[in-house]
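Participant:
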Amino acid sequence: MGKKKLTQYSLLSGLVLTTLAAGQQVLADEATDTSANTATDNQASQVSTTGPQVKVIDQQTEGNKTTTTSEVTSPELTQAVNDVNSFNQANTPSTDNTNKGDTDKSGAQDANTTQSNVVVPPVTISQGETKTYDTVEEADAANKAQAQEIQNTLAQYQKDVADYKEKLANYNKANEEYVAAKAAYDEKVKAYNDYQAKVKDLTNPENAEVAKGLVFNNEPNAVVSVDGVKQYVTKEAQGKHVQDEILQQFNTDKYSDSDFTSENPYAPNEDSWFKMNVGDTVTATYTNLGNAEYLGTKIGKVVTTYKLTDSTSNDGSAIVKLYHDPTKTIFIGAQTSNDPSKAIKADIQVKFYDENGNLININGDNSVISLASLNHWTTQYGDHVEKVLNIGNNKFVAFNGSSIKLNADGAIYSPNDNEFVNNGAAHNSDGENGWDKINADGEKRTTSSTYGAAAMTYDGEPFSISASGNNAEVPTAIWFAVNSFAVQQPGEAPVAPVMPKLDAAKVVVNRANVKQTVDNKTPEPKPGKPTPENPTTPETPKSTTPTPEKPATPVKPQAPSTTKEVVPKTETPTATSQRAQTAQVLPQTGDANSYGLAAFGAGIVAFSTLTLLGGMKRKED
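Numbering-wise (my numbering), the sequence shown opens with residue 21 and increments by one.
#1: Skipping 5 residues on each side, what residues in its chain have a beta carbon closer than 7 angstroms to that of ASP214?
#2: In angstroms with no decimal places, state the Cα-to-Cα distance between ASN381 and THR329.
#3: Please confirm whether PRO141 and ASP523 have their CB atoms less than 9 angstroms apart.
#4: Does DSSP classify ALA162 as helix, strand or coil?
#5: Measuring CB atoms only, is the segment 354-362 touching the segment 493-500, in the sense that at least three cross pairs come out at less than 8 angstroms?
#6: Is HIS396 helix, strand or coil when you go by DSSP?
#7: From the DSSP output, in three-state form, read off THR145 for me.
#8: Helix, strand or coil, according to DSSP, for LYS85 in the structure here?
#9: With a threshold of 16 other CB atoms inside 10 Å of the CB of SER68, please say whether the residue is buried or exposed.
#10: First and last residue of the alpha helix (DSSP H) that includes HIS261?
#11: Distance check for PRO510 and VAL209, CA to CA, integer angstroms please.
#12: Assuming ASP385 contacts THR477 (C-beta within less than 8 angstroms), just tell me the rounded distance between them.
#13: When you compare only the Cα positions, how much space is there between VAL199 and ASN453?
#14: Quick check on ASN436: does DSSP put it in helix, strand or coil?
#15: How many whole angstroms separate the CB atoms of GLN301 and THR332, which I take to be in contact at a CB cut-off of 8 angstroms?
#16: Within its chain, find whatever has a CB closer than 8 angstroms to the CB of THR592; leave out the 5 residues flanking it on each side and keep chain order.
#17: Using the C-alpha atoms, what's the distance from ASP277 back to VAL138?
#18: Of the choices THR307, TYR191, VAL408, ILE339, whose alpha-carbon is the least far from that of LYS372?
#19: My output table needs one value for GLN73: the three-state DSSP class, helix, strand or coil.
#20: Classify GLN269 as buried or exposed, calling it buried when 16 or more other Cβ atoms lie within 10 Å of its own Cβ.
#21: Give the single residue among PHE236, GLU375, GLY248 whose Cα lies nearest to the Cα of LEU391.
#22: I'd like to know whether the C-beta atoms of TYR471 and SER504 end up nearer to each other than 9 angstroms.
#23: Taking the beta carbon of LEU315 as the centre, do at least 16 other beta carbons fall within 10 Å, making it buried, or is it exposed?
#24: Could you compute how far the alpha carbon of GLU439 sits from the alpha carbon of SER469?
#25: So, using beta-carbon positions, are VAL104 and VAL92 closer together than 9 angstroms?
#26: VAL140 by DSSP, collapsed to three states: which one?
#27: What residue range is occupied by the uninterrupted beta strand (DSSP E) comprising GLN268?
#28: Per DSSP, ILE424 forms a beta bridge with which residues?
#29: Going straight from the alpha carbon of ILE350 to that of VAL502, what length do you get?
#30: Which one of ASP180, SER486, VAL322 has the shortest CA to CA distance from ASN378?
#31: Which class does ALA497 belong to by DSSP, given the choice of helix, strand or coil?
#32: Quickly, what does DSSP pair GLY248 with across the bridge? List them, please.
#33: Go ahead and pull the three-state DSSP assignment for VAL515.
#34: Determine the contact status of ALA204 and PRO360, defining contact as a CB-CB distance below 9 angstroms.
#35: Over the uninterrupted alpha helix (DSSP H) stretch that includes ALA492, give me the two end residues.
#36: In whole angstroms, what is the alpha-carbon distance linking GLU375 and THR398?
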């Protein structure tokens, strides 16, 4: 019996040890599975595009506490940054498309001329600070707020870029106008300086100062009333003939009686066209002046008389274009007859009145008027020359570099061809940069206009103009302007437009981290009897080797109805081991549950063992 008990106790010990080992294996397996699951989850979050992505970047364990720091990224923030990068890429200029913004020799700033080649500064993206949050939800919310701010910044910058392109286009247009105005201003400065140098040669050494007295250069808002005209060109005829070449517009042979009317069809602020005959005198009264003055006295009215004294036409007539601006003055022309000695001639007298209607005495050398557009050309069409005659007591003032001279016959004109460079002229009169080019309103728009001009002091007495030398059947015409361009001070220099600026937008991307700390201490099992849910387990034996009590003498069982003896099945260590292995595949419930599972298994084994020993004891008895 002692030997059998030893065997039985050994079996029991083996079962208990196996059960404890199985419990330890469950804990080990559960720890491994949890780690694997965490790694799988992290990997899945990094590739997710539908929510925040979490990546562990640091883990520190100190004592029983583990602190994990994770970086949280959100698809909204990633998309916002990608949108900025896409914008920058779309607006990256080519290597040969750079806005230098330099300044050229004329003082004009160089800028892009079209919106397609505007250089747009890229949106700068910088890494900001790293902010730490308690939860992934908080970090994700912060990222989404950043994304919205970046999208708002990008949208505003796109509007700013569109506005900048519009402003740049306006700047380019204004800059072109500035370049032209600056060139014209520089020419005025040169002409004024030349005049100041020449006027000192007059008898009165103070003329350089007093000759500034007359300011009479530009009156675009002036209105004119005309007296003495008998035949106005109808607007219909004027519209038809204005399509002709400039000389043909004044070809008297091309006009019929139906092209004229006795009624003035032109408004006071319009240039008027009419017909004059030799001996006719026309008086033009100009008012609504804005700029004219004499020695500080505002000029309120200008009265100019025009008398036709000769014509190249067979009938002695001429066509006249009278400008409503008195400083642009008059254009006179006629068909040339077979008599080459004939010329277009007119006497001109200009009188100035103050705002009260009083005549202003401009005797002496206090006023100087420009003698502009005095052409001389020699071609197959003849030897055409325009002159200023009968200057009386007026004094001639030459410009440096001008072709206009005071000649031996007392007339002011160019003795040589000043029309064509091929004929010896320093500048061509025609063409885009011709010295005789004018705007539609008669304003000079070339930097070389003084080449065909001069000046003279003016005392208010009449003087004459003439044009002659054209071959037969070639119309003769002369444009003559009375103004003080030569002596008027240049005034204020034009102001260059300011090139618009576009400052690059800036966005800052902050990094969002989550820091969490957990307690690693394994909770100890509570002492006392474990209470399994189902089935109810017996108490765990206190000693390693349980000592079973001697069972009471059982009541002798009644013989079964069968003859075959039923022998109770004895549990083997192998079967016990299989139950222990079964415990390893139980669901993972954590460390505390694993200890309960081990205790539960030990109780089951102990109960089974005691039952087996009791059966064997009864059999021995």
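We put the beta carbon where it would ideally sit given N, CA and C, even for glycine.
Values in this document were obtained by computation on a predicted structure and should not be read as measured data.
Facilitator: Concretely, from the data shown:
#1: PHE419, ASN420
#2: 27 angstroms
#3: yes
#4: helix
#5: yes
#6: The answer is strand: DSSP assigns HIS396 an E or B state.
#7: The residue you asked about is not Thr; residue 145 is Ile in the sequence shown. Here ILE145 sits in strand by DSSP.
#8: strand
#9: In this prediction, SER68 has a pLDDT of 45, which is less than 50 and means its spatial position is unreliable; nothing more can be read from the coordinates.
#10: From DSSP, the alpha helix (DSSP H) with HIS261 extends over 255-261.
#11: Straight-line Cα distance between these residues: approximately 6 angstroms.
#12: Right, their Cβ atoms sit about 5 angstroms apart.
#13: 14 angstroms
#14: coil
#15: According to the sequence displayed, residue 301 carries Thr and not Gln. Their Cβ separation, rounded to whole angstroms, is 19 angstroms, which puts THR301 and THR332 out of contact at 8 angstroms.
#16: Only weak support exists for where THR592 lies, its pLDDT of 44 falling under 50; the coordinates are left without a value.
#17: Straight-line spacing of the CA atoms in VAL138 and ASP277 works out to 60 angstroms.
#18: In the sequence on display, residue 372 carries Phe and not Lys. Residue THR307 is the option with its Cα nearest to PHE372.
#19: strand
#20: buried
#21: Of the candidates PHE236, GLU375, GLY248, the residue whose Cα lies closest to the Cα of LEU391 is PHE236.
#22: No, these two residues do not count as a Cβ contact at 9 angstroms.
#23: LEU315 should be labelled exposed.
#24: 12 angstroms
#25: no
#26: coil
#27: That residue, GLN268, is in no beta strand (DSSP E); it is neither H nor E in DSSP.
#28: Note: ILE424 sits in no beta bridge, so no partner.
#29: 9 angstroms
#30: VAL322
#31: strand
#32: BP columns for GLY248 are empty, so no partner.
#33: Of the three classes helix, strand and coil, the one that applies to VAL515 here is coil, per DSSP.
#34: no
#35: Taken as a continuous stretch (DSSP letters only), ALA492 belongs to no alpha helix (DSSP H), as it is neither H nor E.
#36: 46 angstroms
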